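Everything on this sheet refers to the single structure shown next.
Residue numbers (my numbering): -16 to 472.
Following this line, the structure appears as structure tokens:
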């Protein structure tokens, strides 16, 4: 399959030069806030009860935000890695992918879970009862459990969510880590499905959401033995199939217009489904989960409406902070709930409502600080680590020896044909802050210099380089084009 070249729309909703779908990044903060509000509604305050009474299932169904995260994750991973990892299973590409995902997930996760773990340990040692966390099943404080939490595998031998994670919400982190480890093998299958009819791929994405949707329809919740496995595998796979559809659709005005209209209609349908689903029974509105893949695909293609709002800088920044927000909000809410248990004034009145509001609103700046000072710096430092002790350079600037070491050819492509995809491109794109300079359009051949290189040499009045130094010339050309592209962007 030929992936469509990244294009930027007026809204920036579609993939920009870094490959980021800004609208989908903005959608992440919507999903994260939805989960936060779901947990906030357990706070013992009259004001919270009144708000929930008005908004109803729009708040109490916030656990669906996790499933929206799963679909988004499958889409983004497929968009970034499927083209290079799908053709064949290679140890180097697999190791780079797993390491990149580890660098993204683990640092801030480890920071939060260790800090909260110390809090739980203090409550266990100095507390007056055995309840150390606000979970239905109390987490086990042991060395074995610490090791499982450390390596994000705590869910893998647990049928249910309760008590499996020290930080309750991190069950989904363990589930997503499992999906990442399975992706290199699953990519071989998905890549071979890429040429199926678009209708089949789209229908497949919706069908994958049926197991969880049927659970909501029958019992009003998605909690049964090993349901977390169904949620992550089905949601993630649905996101991959949606990406296959989006990658093949042309970026024409009719497609963008239809996607924009759909991105307006679907949130309305989801909200109405949550409301009217309650008439069938508690939790039945969760059946709207079936529309999540369609929503993700619509926003990825749209260039107006909700996609325009989600692509604004504040929303995109929120999307980047969303992972840290998802991690820090439970520890902060648990501090509030414990304070309410011991201080009656915090359970009502002006004081209680002000303190609760401050705690809830403070979760975002705390998450932003964690993103800035922990998540991103640690990710960058870890990404510099290589399995051979050498930092991976940008693929487009690799010298012939480096390209041969990675099993790629150092021969330039014939004029008019694209250079072959480099398996290290996604990792280098992320390491370089999202930008990788494009390959020269006028590639050098055995009997001619690069057209752009020759023009630059002539303009600068310099002596042309010998053909044996063709790669040095190509590197200089790419650097110049990179600088021009950055200046224009």
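Even for Gly, the Cβ is constructed at its ideal location relative to N, Cα and C. Just so we're clear, the structure is a prediction, and the values are computed from it rather than from any experiment.
Per-residue burial, residue 441 [other beta carbons within 10 Å of its own, 16 or more giving buried]: Caution is warranted here: a pLDDT of 47 is assigned to residue 441, below 50, making its placement in the model unreliable, and the coordinate value is therefore given only provisionally. Exposed, since its Cβ has fewer than 16 Cβ neighbours within 10 Å.
DSSP-derived helix/strand/coil call for residue 204: Assigned with DSSP and collapsed to three states, residue 204 falls in coil, not helix or strand.
Any non-hydrogen atom of the ligand MG closer than 8 Å to residue 119 Cβ: The ligand MG is absent from the structure shown, which contains no ligands of any kind.
Local Cβ density within 10 Å of residue 449, reported as buried at 16 or more and exposed below that: Reliability fails at residue 449, whose pLDDT of 39 lies under 50, so the model's placement of it is uncertain and the value that follows must be treated cautiously. So residue 449 counts as exposed.
Residue environment, residue 173, which counts as buried when at least 16 other CB atoms sit within 10 Å: buried
Runs of alpha helix (DSSP H) wholly within the stretch 96 to 172 (minimum 4 residues, chain order): 126 to 133
For residue 62, the nearest candidate out of 344, 230 and 74 (CA to CA): 230
Residue 300 (DSSP reduced to helix, strand or coil): helix
For residue 50 and residue 213, the rounded distance between their alpha carbons: 11 Å
Cβ distance (whole Å) where residue 156 is taken to contact residue 88 below 8 Å: 6 Å
Residues near residue 42 by beta carbon distance below 6 Å, same chain, minus five either side: 20, 24 and 35
Nearest candidate by alpha-carbon position, reference residue 146, set 28, 32, 29 and 117: 117
Three-way DSSP call (helix, strand, coil) for residue 274 in this model: Here residue 274 sits in helix by DSSP.
Assigned secondary structure, residue 46 (DSSP; H/G/I helix, E/B strand, else coil): coil
Rounded C-alpha distance that separates residue 309 from residue 349: 11 Å
Residue 209 (DSSP reduced to helix, strand or coil): coil
Coil, strand or helix - residue 192 by DSSP: coil
Spatial distance of residue 259 from residue 268 (CA atoms): 7 Å
Same chain only: Cβ atoms within 7 Å of residue 84, ignoring 5 sequence neighbours per side: 163
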